[in-house]
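Q: Per UniProt numbering, the sequence shown runs over residues 1 to 268.
Encoded as C-alpha cells, here's the structure I'll be asking about.
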Amino acid sequence: MPDPYLRPAAGAVAGPDEITELCSRLRDPDCPSRGTVRLGDWELEYRRPRALATSLELLFRDGVYDVDGLARPAVVVDGGAWLGLSALRFRARFPEARILAFEPDPELFEVLKGNLERNGAGDVEAHNVALADREGALEFLATGDDAGSLRVRSRGGRLTTVPARPLSAYLPSSVSLLKLNVEGSEWDVVNELGGRLAQVDQVLIEYHGFGELPQTLHRILGRLHEHGFTYIISHFNERNRACVPPLRLAADFRYFLLIYARRLGTTD
C-alpha cells in the first residue's frame, strides 16, 4: 500500500558550523541593519540581523518546524512568513509540496518574495495580508523584525494599515501542515477556522503569552482537543527565559511556546 505521507528530502541547506559562523557575524555590533548574506547556496536579504540570527538557529540548526512527513496531497500553510525563511525550509524539505505563505508587512513582503524567487521557491503562493478573524483594513504594528503584530502595541515600531482576511478564505480542502506565528493573533485565526480545523493534519503554533494580551492558550488547546488532536508544548528556545526555572510571573510577563499537534486517533 502506498505511503500516505510525503517524506522529507535528504540533505541539509548548511552545516552547523556554517550556521554558527553566520549567526556570529549577524550578532556583531557592526553588522549592517539590512543587507544580504549567504547560507549554503542561498542568498538571503534580511532586516534586523539579530532577529535573523535567532530564526536561522531555530529553523536550520534546531529544526523547530521540521515534521516527519506531510499527508498527501502535501499542502503547507505558513502564517506569519516574515522574510520567507520558514517557507524556504519547507520547500527544501518537501520539494513537491504546495506552500501558501502570508506576511502582512508590505516592506517585508517584498523581501520575502525576493528571497523566495532567488532561491528556487518562486512557486510559493505568497499573500501580502494579515490573517485575522475578519476581513478589512486593520491597524498593524510594523517592527521591521519578526514581531510585527495586529494585537501588540507595547513595542517600538510604526503603525500602518494592512489588508486582513480570514484564513478560511484561502484554506484548501485538506492541509498537511498549518504553521502560525502571528504575534498574539493565534486564537483569532484558530477560532475563525471553526470546524475547518478538521481539514488540517498537523499544526505548529507559536503561542505568545504577553501580559498586555488576553490569555488564550487554554482556548487553543481546547479547540485542538475538540478536533481530535494530540498535542505537545515546548518553550523551544534557551533565550525564552521566562519559561526556564526559577519561574516567575509579573504583570508584564512575556513568554513564547511552540504547540505541535496532530491527529493520532487517541481518545479521552
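Even glycine gets a Cβ: it sits at the ideal position worked out from N, Cα and C.
If you compare alpha carbons, which of D145, L221, E238, E186 is closest to R151?
A: Within the sequence shown, numbered from 1, the residue matching residue 151 stands at position 151. Closest by alpha carbon: E186.
Q: May I ask you to report which of helix, strand or coil DSSP gives T143?
A: Position 143 of the sequence shown, counted from the start, is the residue given in the question as residue 143. It is coil, neither helix nor strand.
Q: Among residues of its own chain, excluding the 5 on either side of T36, which ones have a beta-carbon nearer than 8 angstroms to its beta-carbon?
A: For the purposes of this step, residue 36 is taken as residue 36 along the sequence shown, with counting starting at 1. Excluding positions up to five away in sequence, the list reads E43, L44, E45, Y46.
Q: Whose CA, out of P104, G120, L213, lies closest to the CA of P166?
A: In the sequence shown, residue 166 corresponds to position 166, counting from 1. Checked all of P104, G120, L213; the closest Cα to P166 is P104.
Q: Among D17, A126, A53, which residue has its Cα nearest to the Cα of N237?
A: For this step, residue 237 is matched to residue 237 along the sequence shown. Closest option to N237, Cα to Cα, is A53.
Q: Could you pull out every unbroken beta strand (DSSP E) segment of at least 3 residues lying fully inside the stretch 38-118, listed in chain order?
A: Here the runs fully enclosed are 42-47, 75-79, 98-102.
Q: I think L257 touches I232, with their Cβ atoms under 8 angstroms apart; what is that distance to the nearest whole Å?
A: Here residue 257 is taken as the residue at index 257 of the sequence shown, counted from 1. Here residue 232 is taken as the residue at index 232 of the sequence shown, counted from 1. Between I232 and L257 the Cβ distance is about 10 angstroms, and since that is not below 8 angstroms, they are no contact.
Q: Look at R153 and E206 and say whether their C-beta atoms are less than 9 angstroms apart.
A: Against the sequence shown, residue 153 aligns to sequence position 153. Against the sequence shown, residue 206 aligns to sequence position 206. Cβ atoms of R153 and E206: not closer than 9 angstroms.
Q: Check for me: the beta strand (DSSP E) holding S176 runs from which residue to which?
A: Walking along the sequence shown from the start, residue 176 turns up at place 176. Unbroken beta strand (DSSP E) run through S176: 175-180.
Q: Does the distance from the CB of A132 to the CB of D201 come in under 9 angstroms?
A: To locate residue 132, count along the sequence shown from 1; it is residue 132. To locate residue 201, count along the sequence shown from 1; it is residue 201. Taking 9 angstroms as the Cβ cut-off, A132 and D201 do not qualify as a contacting pair.
Q: Rank R89, H218, E117 by C-alpha distance to the C-alpha of K179 and give the top, closest one.
A: To locate residue 179, count along the sequence shown from 1; it is residue 179. Nearest of R89, H218, E117 to K179, Cα basis: R89.
Q: Which residues in the same chain have their Cβ closer than 6 angstroms to the Cβ of L26, if we skip the five residues on either side of it in sequence?
A: The count along the sequence shown starts at 1 and reaches residue 26 at position 26. These residues qualify, in order along the chain: P49, L52, A53.
Q: How long is the line joining the alpha carbons of L108 and S55, rounded to whole angstroms?
A: Residue numbering aside, residue 108 sits at position 108 when the sequence shown is read from its first letter. Residue numbering aside, residue 55 sits at position 55 when the sequence shown is read from its first letter. C-alpha separation (whole angstroms): 15 angstroms.
Q: Grab me the residues of L221's own chain with a C-beta within less than 7 angstroms of its C-beta, minus the 5 sequence neighbours each way, in chain order.
A: Residue 221 sits at position 221 when you count from the first residue of the sequence shown. Counting only Cβ-Cβ distances below 7 angstroms, and skipping sequence neighbours, we find Y231.
Q: Within the chosen definition, does the stretch 58-72 reach the stretch 13-21 through at least 3 CB pairs nearer than 8 angstroms?
A: With the cut-off at 8 angstroms, the stretch 58-72 and the stretch 13-21 touch.
Q: Using 8 angstroms as the cut-off, can you tell me whether the stretch 2-9 makes contact with the stretch 65-76, which would need three or more C-beta pairs spanning the two stretches below that distance?
A: The stretch 2-9 is in contact with the stretch 65-76.
Q: Does the distance from the CB of A126 to the CB of A87 come in under 9 angstroms?
A: For the purposes of this step, residue 126 is identified with residue 126 of the sequence shown, where counting begins at 1. For the purposes of this step, residue 87 is identified with residue 87 of the sequence shown, where counting begins at 1. It is a contact, given that the beta carbons lie within the stated cut-off.
Q: Using 10 angstroms around the beta-carbon of F253, count the other beta-carbons present and answer buried if the total reaches 16, otherwise exposed.
A: Translated into the one-based positions of the sequence shown, residue 253 becomes position 253. Exposed, because fewer than 16 other Cβ atoms sit within 10 Å of the Cβ of F253.
Q: What is the DSSP secondary structure of V22, reduced to helix, strand or coil?
A: As a position in the sequence shown, residue 22 is number 22, starting the count at 1. Correcting the residue identity first, residue 22 is Leu in this sequence and not Val. If DSSP states are grouped into helix, strand and coil, L22 belongs with the helices.
Q: Indicate the three-state DSSP secondary structure (helix, strand or coil) for F15 in the structure shown.
A: Here residue 15 corresponds to residue number 15 of the sequence shown, with the count starting at 1. In the sequence on display, residue 15 carries Gly and not Phe. Coil.
Q: Within a Cβ cutoff of 6 angstroms, which residues of the same chain sit near R223, ignoring the five residues on either side of it in sequence?
A: For the purposes of this step, residue 223 is taken as the residue at position 223 of the sequence shown. Around R223: V190.
Q: If you count every other CB in all the chains shown that lies within 10 Å of the CB of V203, and 16 or more means buried, which is it?
A: Within the sequence shown, numbered from 1, the residue matching residue 203 stands at position 203. Buried: at least 16 other Cβ atoms inside 10 Å.
Q: Please classify P2 as buried or exposed, where buried requires at least 16 neighbouring CB atoms within 10 angstroms.
A: Taking the first residue of the sequence shown as 1, we reach residue 2 at position 2. Exposed is the call here.
Q: Tell me, which residues are paired with G136 by DSSP?
A: Locating residue 136 in the sequence shown gives position 136, counting from the first residue. Its beta-bridge partners are A164.
Q: Relative to the C-alpha of P172, which residue among L39, A74, V64, G40 is closest?
A: The count along the sequence shown starts at 1 and reaches residue 172 at position 172. For P172, the nearest C-alpha among the options comes from A74.
Q: Is N128 closer than 9 angstroms to P163 when the C-beta atoms are compared?
A: Position 163 of the sequence shown, counted from the first residue, corresponds to residue 163. Position 128 of the sequence shown, counted from the first residue, corresponds to residue 128. Yes, they are a contact pair.
Q: Report, in whole angstroms, the separation of the C-beta atoms of V77 and A97, which I expect to be a contact under 8 angstroms.
A: For the purposes of this step, residue 77 is identified with residue 77 of the sequence shown, where counting begins at 1. For the purposes of this step, residue 97 is identified with residue 97 of the sequence shown, where counting begins at 1. Between A97 and V77 the Cβ distance is about 11 angstroms, and since that is not below 8 angstroms, they are no contact.
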